[in-house]
Amino acid sequence: MRMTYTSDLWWKNAVVYCLDVETFKDGDGDGIGDFRGLTQEIDYLADLGVTCLWLMPFYPTANRDDGYDVTDFYSVDPRLGTLGDFVEFMRTAHDRGMRVIADLVVNHTSDWHPWFLEARKGKDAPMRDWFVWKDEPGPEPEQVVFPDQEDSVWERDDRSGQYYLHSFYKHQPDLNMGNPEVRDEISRILGFWMELGLAGFRVDAVPFLIENVSPQLGEPHEVLAGLRAFMTRRKGNSVLLGEVNLPYKELVSYFGDGLGDELTMCFDFTVMQRAWLALARREAAPLVAALRERPDAPKDAQWATFLRNHDELTLDQLSDEERQEVFRAFGPEERMQIFGRGLRRRMPGMFDGDLRRMKLAYSLMFSLPGTPVIFYGEEIGLGENLDVEGRMAVRTPMQWSKDGGFSPAEPVRPMPGGRFGPEHVNVEDQKRDTDSLLRWFQLLIERYRECPELAWGEYEPLDAGHPAVHAHRSDADGATVVAVHNLGDEAVEAEVELDGLAGSLLTDLLVDGTVEVPESGPVRLPLDPYGTRWLRVSARKKPAEDASIKAH
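Read in order, the letters of the sequence shown are residues 150 to 701 in my numbering.
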């Protein structure tokens, strides 16, 4: 099967880097990150190999949910800069060849948003129907999203005597997507930011966005299809990256009836959670099972792969017993866990600072089929700060130098301490260290971009003769890459059968060396503890060709 893509589908093998402007770099010395600081570090991101930046919310906010409680969808939070600063940042990013997407948080607003302030004036208020109201509380979900702070999704508004829906916090009333005026306004929001250069949006909590659409207005998925159609008319190669944490059977419809006309990409929460179970067990089987189960994305769509994001590391698709396995391995203390379903930790703490395991995990992520998504600081092993409440533990300031380098002032958010503090973990030191995690990331990204078959090729798991080894091949356009990863803490020799490749050469892409595939039997590949190998398949020269070369 030939799968030749053009720049129209740039996101098929992009490298997406998620960052919070507020915690990335302070450019004006007030202790808060801003667009000026981010612009100063564009070259760092370009050198890393990032091709697409994903910005967490930067809009004006009541700041009770780290920017996800928006008070104005058409501007920039004054703490982070101005629209002029945003435009200058966009110009610089485009100049370095990077596209930019931003969080689209339109399933709710802040209760300080002018729309909601207008709506709660009374039952006859002009914008009343922009939100979801009932005289009595409606049905409750089996579990609220934030059980530590909320016990209902309905809140009484004393002024009007009705209850409004809030799928998340009570200070975040849900917008009524069944109202065509609301949908038109969302299209205007999309159009506004696309005119300023955005290449698309990461859509927050997609199921919550469409589940409240009024039945008489058609199928809920028509909302997503309408947004995608609007964006395609404005910019043909724009993207919608969706946060849809559902099992595959329910998730695939969000791509759009097999046509790929709704979400362009969906995060693969199933593979992410199974990967952590595999890492906890030091056995490949859970990950292989998930990848076998994963349905193909539509031709014009893609899976987004990741190991951790800006929220808790959710494990909600695992069984209770499996979740406890991951907790015991990576977050045994109660303070490391959150909501009973996830971890509020970054990888360095979870792996107890073991650089070998971190390098293995990221090599595995980049080799899996899909578009990799990185959370800022992962490339240097940025740690969490468990003294900070809730999910904010993982949203710590970026560490640029031994003294922090984030700001000349005291950062508004505290940095990690101890062995993950800036004196031990920072960009400046790792740039000088050829064995650092930062240099490993640069190599992985470079090789990933050179091997498009890893992103969109056909995935085939391979028997490696050892339960700790995950081996697979990716084939596309007549090219093949084989990736082999040892999830265990002991050296092994993998024995991999490569059908149809007898006599070929395997060239290591992460280190120097070649291996010949024998005419019969498996190819033997030694692996160190937590070892990893990416191998490009090439045809061996025929004997006659060898003689001809020697004669000349």
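Think of the CB as a built atom: it goes at the ideal place given N, C-alpha and C, for glycine as much as any other residue.
Using alpha carbons as the reference points, say which of Thr-583, Ala-604 and Leu-504 lies closest to Val-522.
Here residue 522 corresponds to residue number 373 of the sequence shown, with the count starting at 1. It is Ala-604.
Counting C-beta neighbours from all protein chains within 10 Å, is the total for Tyr-223 16 or more, i.e. buried, or is it exposed?
What you label residue 223 is simply residue 74 of the sequence shown in a count that begins at 1. Per the 10 Å Cβ criterion, exposed.
Measure the alpha-carbon distance for Leu-202 versus Ala-450 and round it to whole angstroms.
Here residue 202 is taken as the residue at index 53 of the sequence shown, counted from 1. Here residue 450 is taken as the residue at index 301 of the sequence shown, counted from 1. Spanning the two alpha carbons is a distance of roughly 19 Å.
Do you know offhand how far Asp-552's Cα is from Met-380's?
Numbered from its first residue, the sequence shown carries residue 552 at position 403. Numbered from its first residue, the sequence shown carries residue 380 at position 231. C-alpha separation (whole angstroms): 43 Å.
Given this structure, state the Cα-to-Cα distance separating Cys-600 from Val-686, to the nearest angstrom.
In the sequence shown, counting from the first residue as 1, residue 600 sits at position 451. In the sequence shown, counting from the first residue as 1, residue 686 sits at position 537. Approximately 11 Å between the Cα atoms of the pair.
Specify the secondary structure class of Asp-695 as computed by DSSP and reduced to three states.
For the purposes of this step, residue 695 is taken as the residue at position 546 of the sequence shown. The predicted model places Asp-695 with a pLDDT of 49, which falls under 50 and marks its position as unreliable, so this point remains unresolved.
Roughly how many whole angstroms lie between the Cα atoms of Lys-580 and Ile-529?
As a working note, residue 580 is residue 431 in the sequence shown. As a working note, residue 529 is residue 380 in the sequence shown. The straight-line gap from Cα to Cα measures roughly 10 Å.
Rank Leu-168, Phe-280 and Leu-158 by C-alpha distance to the C-alpha of Arg-457 and give the top, closest one.
Counted from its first residue, the sequence shown places residue 457 at position 308. Checking every option, the nearest Cα to that of Arg-457 belongs to Leu-168.
At the level of alpha carbons, what is the spacing between Arg-377 and Asp-353?
One-based indexing of the sequence shown puts residue 377 at position 228. One-based indexing of the sequence shown puts residue 353 at position 204. In a straight line, the C-alpha of Arg-377 is about 15 Å away from that of Asp-353.
What number of angstroms, rounded off, separates the C-alpha of Ala-438 from the C-alpha of His-615?
Translated into positions along the sequence shown, residue 438 becomes position 289. Translated into positions along the sequence shown, residue 615 becomes position 466. Between Ala-438 and His-615, the C-alpha separation is close to 16 Å.
For a minimum of 4 consecutive residues, which ranges assigned as the alpha helix (DSSP H) are wholly contained in the region 432-485?
434-442 and 469-479
Relative to the C-alpha of Val-630, which candidate in Leu-400, Val-618, Leu-647 and Trp-589 has its C-alpha closest?
Translated into positions along the sequence shown, residue 630 becomes position 481. The option with the nearest alpha carbon to Val-630 is Leu-647.
Okay, do the region 471-490 and the region 390-403 touch, 3+ Cβ pairs below 8 Å being the bar?
Taking 8 Å as the limit for Cβ pairs, the verdict is that the region 390-403 does not touch the region 471-490.
Does chain C have any CB closer than 8 Å to the CB of Val-686?
In the structure shown, chain C does not exist; there is a single protein chain.
With Arg-682 as the anchor, note down where its beta strand (DSSP E) starts and where it stops.
Here residue 682 corresponds to residue number 533 of the sequence shown, with the count starting at 1. That run of the beta strand (DSSP E) goes 681-687.
So within the region 236-321, which uninterrupted beta strand (DSSP E) runs reach at least 3 residues, ignoring any that extend past its ends?
248-253, 303-306 and 311-314
With DSSP collapsed to three states, give me the class of Asp-157.
The residue labelled residue 157 in the question sits at position 8 within the sequence shown. Of the three classes helix, strand and coil, the one that applies to Asp-157 here is helix, per DSSP.
Counting C-beta neighbours from all protein chains within 10 Å, is the total for Lys-508 16 or more, i.e. buried, or is it exposed?
Working through the sequence shown from its first residue, we reach residue 508 at position 359. Counting Cβ neighbours within 10 Å, Lys-508 comes out buried, since at least 16 surround it.
Can the beta-carbon of Ala-643 be found closer than 8 Å to that of Arg-431?
Numbered from 1 along the sequence shown, position 494 holds the residue referred to as residue 643. Numbered from 1 along the sequence shown, position 282 holds the residue referred to as residue 431. Result no, Cβ atoms of Ala-643 and Arg-431 do not sit closer than 8 Å.
Nearest by alpha-carbon distance to Val-293: which of Pro-329, Ser-316 and Asp-661 is it?
Reading the sequence shown from its first residue, position 144 is the one you call residue 293. The option with the nearest alpha carbon to Val-293 is Ser-316.
Helix, strand or coil: how does DSSP classify Asp-657 here?
On the sequence shown, position 508 is the one that residue 657 refers to. In this structure, DSSP gives Asp-657 an extended state, which the three-state scheme calls strand.
Return yes when the Cβ of Leu-194 is within less than 8 Å of the Cβ of Met-239, no when it is not.
Reading the sequence shown from its first residue, position 90 is the one you call residue 239. Reading the sequence shown from its first residue, position 45 is the one you call residue 194. The answer is no: Cβ separation not under 8 Å.
Output the distance between the C-alpha atoms of Ala-620 and Arg-484, rounded to the nearest integer angstrom.
Working through the sequence shown from its first residue, we reach residue 620 at position 471. Working through the sequence shown from its first residue, we reach residue 484 at position 335. C-alpha separation (whole angstroms): 35 Å.
What's the C-alpha gap between Pro-356 and Asn-635?
The sequence position of residue 356 within the sequence shown is 207, counting from 1. The sequence position of residue 635 within the sequence shown is 486, counting from 1. Going by the C-alpha atoms only, they are around 36 Å apart.
Report the rounded CA-to-CA distance for Glu-411 versus Pro-369, giving the unit in angstroms.
Here residue 411 corresponds to residue number 262 of the sequence shown, with the count starting at 1. Here residue 369 corresponds to residue number 220 of the sequence shown, with the count starting at 1. Those two C-alpha atoms are separated by around 11 Å.
Does the distance from the CB of Gly-178 to the CB of Ala-558 come in under 8 Å?
The residue given as residue 178 occupies position 29 in the sequence shown. The residue given as residue 558 occupies position 409 in the sequence shown. Contact flag set, yes.
For Ser-585, I'd like the list of residues in its chain whose CB is within less than 7 Å of its CB, leaving aside the five on either flank, ordered along the chain.
What you label residue 585 is simply residue 436 of the sequence shown in a count that begins at 1. The residues are Gln-579.
Taking the C-alpha atoms as reference points, what is the distance between Asn-575 and Tyr-525?
On the sequence shown, position 426 is the one that residue 575 refers to. On the sequence shown, position 376 is the one that residue 525 refers to. Straight-line measurement puts the Cα of Tyr-525 at about 12 Å from the Cα of Asn-575.
Under 6 Å Cβ to Cβ from Glu-461, same chain only, skipping five residues before and after it: list those, please.
Translated into positions along the sequence shown, residue 461 becomes position 312. For Glu-461, where only same-chain residues beyond five positions count, the Cβ hits under 6 Å are Ile-487, Gly-491, Arg-493 and Arg-540.
Looking at the structure shown, is Phe-404 part of a helix, part of a strand, or coil, going by DSSP?
Taking the first residue of the sequence shown as position 1, residue 404 is located at position 255. Looking at Phe-404 - three-state DSSP - the assignment turns out to be helix.
For the structure I just gave you, are there three or more beta carbon pairs, one from the region 200-214 and one from the region 257-272, closer than 8 Å?
yes
Within a Cβ cutoff of 6 Å, which residues of the same chain sit near Thr-681, ignoring the five residues on either side of it in sequence?
The sequence position of residue 681 within the sequence shown is 532, counting from 1. Excluding positions up to five away in sequence, the list reads Leu-509, Ser-512 and His-634.
Roughly how many angstroms lie between the CA atoms of Gln-298 and Asn-361, to the nearest whole one?
In the sequence shown, counting from the first residue as 1, residue 298 sits at position 149. In the sequence shown, counting from the first residue as 1, residue 361 sits at position 212. If I take the Cα positions, the gap works out to 23 Å.
Quick one: give me the first and last residue of the alpha helix (DSSP H) that Gly-340 is part of.
Position 191 of the sequence shown, counting from 1, holds the residue named residue 340. Here the alpha helix (DSSP H) through Gly-340 covers 329-344.
Within the continuous alpha helix (DSSP H) that includes Phe-590, where are the two ends?
Here residue 590 refers to the residue found at position 441 of the sequence shown. Note, Phe-590: alpha helix (DSSP H), 586-599.
For the candidate residues Ala-688, Gly-649 and Lys-270, whose alpha-carbon lies nearest to that of Gly-670?
Against the sequence shown, residue 670 aligns to sequence position 521. Per the Cα distances, Gly-649.
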